[in-house]
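Numbered by our numbering, the letters in the sequence shown go through residues -5 to 552 in order. To start, the structure under review is shown below, and the notes come after it.
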Amino acid sequence: MRQAFVSVLIGLVLILSGSLMAHIIQTSDGTEIEDIRIPLEDGSQLSGYLYVPKNASPETPAPGILAVHGYINSRETQSSFAIEFARRGYVVLALDQSGHGYSTNTAFSNAFGGPAGLAYLRELPFVDADRIGLEGHSMGGWTVLNAAMAMPEVYQSMALVGSSTGAPFAAPGTPDFPRNLAVIFSQFDEFSTLMWGVVKAADVTKSEKLQAVFGTDAPVKPDQIYGSVDDGTARILNQPVTTHPGDHLDFGATADAINWMDTTLGAPRGIPANEQIWHFKELGTLISLIGTVVFLIGSFAALNLTLGAGTGLQANNAITAPTGVSFIVALVLGVVMPALTFFPLTHFGEQLPNFGVFRQNITNQIMVWALGNGAVAGAGLLIARRFGLTLAPKGLLAALGAAGALYLVSVAISLVFKVDFRFWVVALKPLGLHHWPIFLSYLLPFLAFFYLSHAALIRMIAGKTGALSQFGLAWLVSAGGMTFLIGWIYAALFAKGKLPDFADPLFSIVGIQFVPILTITAIIAVVSWRTTRAALPGALLSALFVTWYIVAGQATHI
């Protein structure tokens, strides 16, 4: 009991200290951050964080930069660029694309929100409307390209990070469009074929599409300026040594964007590009993210013990663990099936009708994968004749209480510090009002998956007595296969310069998140067993946590 309450306290300390650290870094050098909303004519709205440096005022307007995240991300993903631009005296609008984060409507609508974001930025009285830059990562690049197409005369430069001109969502690039363009494309970018028509990202210099933008028939020379800044035809290619999502954690990519904006807009404060502090903000939100896990699991255990959730269940809920060949078969299936079915089932999920209920396409694909693997677990339970349901109602109350407590903490942190709980592509943030119906629609399918998978998992760990041995086995079954799959994919990418043929670029990146999330749910399953002797409470907590995590972080399409 005491250990559980200590975990709750430690979790809160980590959350508060990490969030405070992140807030101090993103407001360094006198920057103020405002959570803004931009109303649109169709009744929807865009959200964003507005970074205002201390040098910006109506009397001394500062240059502005519209910074936009990529697909199935949010405004916080742009922190490395936004923090460093603001420190150097630029007013930065880090925008949530349409249908992402707290922006309503649907993904891809209203030209991704780019034109409205640019118009809003230019109208701010403390922004120099004659010195506007555009920066976008991945689909955020298409967002700022749409802004440039809508208002071709009102911006001075653009940095496309892990992005491209042309199809499928922007006008073709030419030696004159867009104005003063930096292409920052990493050497191991997973989307090289989609963006620039080359199999290996390192070969982007040979891309005919890129050469057309640079006005040359020869391979583009990295780090060399083509054209003229004065007449808007300047071009440069930078190739950081990282991946597509790695652009957000790369000092080189950030420095390249800084240098380009300083070159084309005029550096307001003259801080060297290599003097960066954004990584301390990332460290702060990582500390707070770890704190959320400690707090959630500690709260769950403490509430279970306080309520006596396991009282009277031990004698009536004895489980005989499989042994011998049965154990080996269950272990192999548990490890292999999630990884083996990952790409086929998520691809199949793309064809799933939304029924007017399931409104997030990527979440649909994850849901189909989850239900497919839940069916495998359920079949195993039926074959073993161990399929049963212990309600453990007090454990269910503990799950609801722990999830609710963490949610309230996340809302308070967001309001006070203007940060979420994140590291890199893993991020937990409060739901917007428009997310709640979506959350409820996906909760039951994910609950079904976690109940079946946790019931099968608990049957395996029941033969172990120590918490560490139980967790080790639970992790291997829950996340071991996905960890191996993602490790294999990225080892191949770094060794050969391209993804394996079977790997989908988008879901290779999405798959990275499965490793920490399934690790967390494995811990929850073990805690549920040790405190309630039942699978359902842990399954409910996992479903609440994971559905919240996915829905808040995904794009809305319907």
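Just so it is clear, CB atoms sit at the ideal spot from N, CA and C, and this is done for glycine as well. Note that the structure is predicted; figures quoted are calculated from it, not measured.
Item                                                                                                                                                        : Value
Rounded to whole angstroms, how far is the Cβ of V520 from the Cβ of G328, which I believe are closer than 8 Å?                                             : V520 to G328, Cβ: 14 Å. No contact.
Cβ of A295 within 9 Å of Cβ of F444?                                                                                                                        : no
What is the rounded straight-line gap between the Cα of A309 and the Cα of E184?                                                                            : Here A309 scores only 39 on pLDDT, less than 50, and its place in the model should not be relied on; the value that follows carries that caveat. Distance between the alpha carbons of A309 and E184: 53 Å.
Roughly how many angstroms separate the alpha carbons of G306 and T248, rounded to a whole number?                                                          : For G306, the pLDDT reaches just 47, beneath the cut-off of 50, and the residue's location in the model is therefore unreliable, although a value from the coordinates is still provided. When rounded, the distance between both Cα atoms is 58 Å.
To the nearest angstrom, how far is the alpha carbon of L297 from that of A386?                                                                             : 13 Å
Would you kindly check if the distance between the Cβ of G505 and the Cβ of F342 is under 9 Å?                                                              : no
In whole angstroms, give me the CA-to-CA distance for G260 and S180.                                                                                        : 25 Å
Considering only residues of the same chain and omitting the five flanking positions on each side of I83, which have a CB-CB separation below 7 Å?          : Per the sequence presented here, residue 83 reads as Gly, with Ile not at that position. Closer than 7 Å at the Cβ level, and outside the excluded window around G83, lie P47, N49, A56, P262, R263.
With H, G and I counted as helix, E and B as strand and the rest as coil, what does DSSP make of P162?                                                      : coil
For the alpha helix (DSSP H) containing H273, name the first residue and the last one.                                                                      : 272 to 301
Among Q464, H238, A450, W136, which has the Cα closest to the Cα of V323?                                                                                   : A450
Among L534, V7, R(-4), A16, which has the Cα closest to the Cα of T279?                                                                                     : A16
Based on DSSP bridge pairs, tell me the residues matched to Q39.                                                                                            : P33
Rank Y43, A110, G350, G532 by C-alpha distance to the C-alpha of E26 and give the top, closest one.                                                         : Y43
With a cut-off of 8 Å on the beta carbons, I'd call I19 and I77 a contact; round off their distance for me.                                                 : 7 Å
Looking at C-alpha atoms only, which residue of G285, P266, A251, H242 is the closest neighbour of H273?                                                    : H242
Please identify the residue among G127, A110, K200 whose C-alpha is closest to the C-alpha of A212.                                                         : K200
In the structure shown, what three-state DSSP assignment does G83 receive?                                                                                  : coil
Determine, using beta carbons only, whether P499 and L188 come nearer to each other than 9 Å.                                                               : yes
Between which two residues does the alpha helix (DSSP H) carrying I531 extend?                                                                              : According to the sequence displayed, residue 531 carries Pro and not Ile. Note, P531: alpha helix (DSSP H), 530 to 547.
What separation, rounded to the nearest whole angstrom, lies between the Cα atoms of N253 and S151?                                                         : 12 Å
What is the C-beta distance between P216 and L231, in whole angstroms, given that I count them as a contact (C-beta under 8 Å)?                             : 5 Å
Are the Cβ atoms of G134 and S157 separated by less than 9 Å?                                                                                               : yes
Could you please give the first and the last residue of the uninterrupted beta strand (DSSP E) stretch that includes S201?                                  : Taken as a continuous stretch (DSSP letters only), S201 belongs to no beta strand (DSSP E), as it is neither H nor E.
Which of helix, strand or coil does DSSP assign to D23?                                                                                                     : helix
Can you look up H448 in the DSSP assignment and give me helix, strand or coil?                                                                              : helix
Where in the region 180 to 226 do unbroken runs of the alpha helix (DSSP H), each at least 4 residues long, occur, reported from the N-terminal end onward? : 186 to 190, 202 to 208
Using the Cα positions of T526 and A533, report the straight-line distance between them to the nearest angstrom.                                            : 12 Å
Candidates M476, V86, L283, V214: which alpha carbon is nearest N367's?                                                                                     : M476
Kindly give me the distance between the Cβ atoms of V2 and G292, rounded to whole angstroms, as I take these residues to be in contact under 8 Å.           : 4 Å
To which residues of the same chain is G304 closer than 6 Å at the C-beta, ignoring the five residues directly before and after it?                         : T525, T526, R527
Going by C-alpha to C-alpha distance, which of V85, D90, Y484, F501 sits closest to E556?                                                                   : Residue 556 is absent from the structure shown; the chain starts at -5 and stops at 552.
Pull up the distance between the alpha-carbon of S51 and that of D124, whole angstroms please.                                                              : 15 Å
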